[in-house]
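This note's numbering applies: residue 58 is where the sequence shown begins, and numbers increase by one.
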Amino acid sequence: MIKRHAMCQVESRLAMFPVVALVGPRQAGKTTLAKSLTGLYFDLEQEQDQLKLDLQWDKLVTGQSLVVLDEAQEWPSLFKRLRGAVDRRRKRNGRFLLLGSVSPSLMRHVSESLAGRMAMVELTPFLWKELTGVRRSRLWLQGGYPDGGVLKPSQYPLWQQNYLEVLATRDLPNWGLPAKPQLTMRLLRMLAAVHGQTLNASQLGQSLDISYKTVKSYLDFLEGAFLIRQLQPFYKNLKKRIVKSPKIYWRDSGLLHALLNVSSEEQLLDQPWVGADWEGFVIEQILGTLQLSRTSFSPFFLRTNDRYEIDLLLELGRELWAIEIKLTSSPGRSDFQRLNKIADLVGAKRRILISRTRQTVENAATTSCNLESFLKLLD
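Next comes the structure, spelled out in structure tokens:
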């Protein structure tokens with residue numbers, strides 16, 4: 058089994074809290090990780106497991122072993138039971154590990170019943186740093202889902218297509234998305250077409266015959282289901298007028314490429330939008346890695362009305378890092394000039410240009426490197 062970097066974070070949170078929720082998209086590896094920690098596992102999508110948990114509840118809550126409750130949102134009444142069990146033995150940590158395929162914003166019962174009693178850990182599909190060799194080389198095209206290509210390369214893109222169909226027809230409606238499956242699939246394909254672009258909710262709404270407010274609510278839902286990321290614009294200490302809409306990125310590049318009917322890296326590199334595609338992949342690897350660190354961070358992008366632009370601004374404590382992402386193996390002087398110009402505008406301490414270069418070059422506050430080298434800087 059490939060060791061997941063989230064494991065250390067899960068173990069650390071279990072030592073500090075009575076309940077830990079491990080959240081992330083379906084099929085990202087949450088169950089595999091959880092079962093490596095304990096044998097007391099209940100899948101609450103299964104009525105039989107719900108019955109077993111109900112009958113064994115008193116024994117389980119007085120025992121010493123960690124109890125894993127998978128897809129906990131499927132049994133809403135469970136959360137009051139959990140709160141009561143935790144409060145009766147408040148000083149004992151590491152009692153329950155909840156697994157969920159939707160974020161806390163959609164798991165309303167978690168925030169209402171277990172506030173102050175629980176820590177959250179997010180598990181993404183496989184990240185760059187978790188893979189080596191040929192598996193890493195497939196990551197950009199096929200994405201990080203274990204069964205979608207990383208571990209089973211012949212499954213791509215059929216696995217991704219089936220995955221999205223099941224989400225649209227079963228899971229998303231069950232979690233509360235009111236759209237019909239056909240509309241959801243149309244929306245997903247449109248979002249694939251605008252990957253890396255700023256959101257135009259009115260245009261999407263006109264294409265789907267729904268209001269821009271409905272589009273925004275659907276996007277918030279899809280973000281809560283870990284499918285997309287809405288990267289917010291930077292707004293601090295700027296005298297220039299800025300683009301205020303978020304940028305839309307697919308979090309898993311394999312799902313994106315399946316929607317765009319891209320079957321090989323050669324085909325991918327022929328696309329006019331490949332630069333934005335690579336940009337989104339790199340951003341997700343950076344943010345996914347930071348999510349598992351102890352560093353507090355906030356991500357943004359910046360685009361002004363007079364064409365100043367930076368792909369990623371990271372607030373790391375009191376520091377601001379300006380990051381430009383280029384799909385090239387040999388970035389030029391003009392790339393660094395643009396990076397430094399926008400970094401000066403926002404007062405960024407570090408300036409990093411990430412490309413496919415094979416060497417790392419540092420000059421004063423500016424660094425030129427590839428993705429692997431940059432991720433090592435975050436350790």
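Yeah, the Cβ is synthetic: ideal placement off N, Cα and C, and Gly gets one too.
query: When the distance is taken between beta carbons, is G311 closer than 8 Å to G141?
result: no
query: Apart from the five residues on each side of it in sequence, which residues of its chain come closer than 8 Å, Cβ to Cβ, to L117?
result: L97, L110, V124
- request: Taking all protein chains shown into account, decide if A250 is buried (16 or more other Cβ within 10 angstroms of its Cβ) or exposed.
  value: exposed
- request: Specify the secondary structure class of E128 as computed by DSSP and reduced to three states.
  value: coil
field: Beta-carbon proximity of L435 to S425, cut-off 8 Å
entry: no
field: Beta-bridge pairing of T95 - partner residues as DSSP gives them
entry: Answer is none; T95 lacks a bridge partner.
message: Give me, in chain order, the residues of the same chain whose beta-carbon lies closer than 7 Å to that of E102; leave out the 5 immediate sequence neighbours on both sides.
response: E128, E131
- prompt: If you count every other CB in all the chains shown that lies within 10 Å of the CB of I59, and 16 or more means buried, which is it?
  reply: exposed
Reduced DSSP category for E336 - H, G, I as helix; E, B as strand; rest coil: helix
- prompt: According to DSSP, which residues form a beta bridge with F354?
  reply: L373
task: Would you kindly work out how many angstroms separate the C-alpha atoms of E68 and R390, rounded to a whole number?
output: 46 Å
Through-space distance from L154 to E323, alpha-carbon basis: 42 Å
query: Excluding sequence positions up to five away, which residues of its chain have a Cβ less than 6 Å from the Cβ of V272?
result: A258, L261, G262
- prompt: Does the distance from the C-beta atom of A333 to that of Q217 stay below 8 Å?
  reply: no
- request: Taking only runs that begin and end inside the region 156 to 229, name each unbroken beta strand (DSSP E) of 3 or more residues, in chain order.
  value: 175 to 179
- request: Would you grab the beta carbon distance between V80 and E179 for me? Rounded to a whole angstrom, and I think it's under 8 Å.
  value: 6 Å
query: Hey, how far is the Cα of Q121 from the Cα of E341?
result: 38 Å
- request: May I ask you to list the residues that DSSP assigns as paired with Q289?
  value: Per DSSP, none; premise fails for Q289.
field: Simplified DSSP assignment, three categories, for N318
entry: coil
message: Which of the three DSSP states is assigned to A421 in this structure?
response: coil
Opening and closing residue of the alpha helix (DSSP H) in which A63 lies: 63 to 71
- request: Measure the CB-CB distance between V76 and M175 and report whether it falls below 8 Å.
  value: yes
task: Going by CA-CA distance only, name the one from K304, E222, A63 that's closest to R246.
output: E222
query: beta strand (DSSP E) containing W307: first to last residue?
result: 304 to 307
- prompt: What span of residues does the beta strand (DSSP E) with S386 cover, start to end?
  reply: Counting along the chain, S386 falls outside any beta strand (DSSP E), and DSSP gives it neither H nor E.
task: With DSSP collapsed to three states, give me the class of S122.
output: coil
message: So, under 8 Å CB-CB, K301 and D363 are touching, yes? Tell me the CB distance rounded to an integer number of Å.
response: Actually they do not touch by this definition, with Cβ atoms about 15 Å apart.
- request: Count the other CB atoms, across all protein chains shown, that sit within 10 Å of the CB of A236; report buried if there are 16 or more and exposed otherwise.
  value: buried
- prompt: Per DSSP, what kind of secondary structure is S412 in: helix, strand or coil?
  reply: strand
- prompt: Helix, strand or coil: which one does DSSP assign to Q328?
  reply: coil
- request: Can you give me the Cβ contacts of L256 inside the same chain, cut-off strictly under 6 Å, excluding the 5 residues immediately before and after it?
  value: S302, P303, I305
query: Leaving out five residues before and five after L313 in sequence, what residues of the same chain have Cβ atoms less than 8 Å from its Cβ?
result: G200, A249, H252, W307, D334, G337
- prompt: What is the residue span of the alpha helix (DSSP H) that A249 lies within?
  reply: 238 to 250
message: Assuming the contact rule is C-beta atoms closer than 8 Å, P388 and T414 should be a hit. Round their C-beta distance to whole Å, please.
response: 7 Å
message: Helix, strand or coil for M360? Go by DSSP, reduced to three states.
response: It should be pointed out that residue 360 corresponds to Arg in this sequence rather than to Met. If DSSP states are grouped into helix, strand and coil, R360 belongs with the strands.
- request: Could you check the C-alpha separation between S268 and P230 for me, to the nearest Å?
  value: 19 Å
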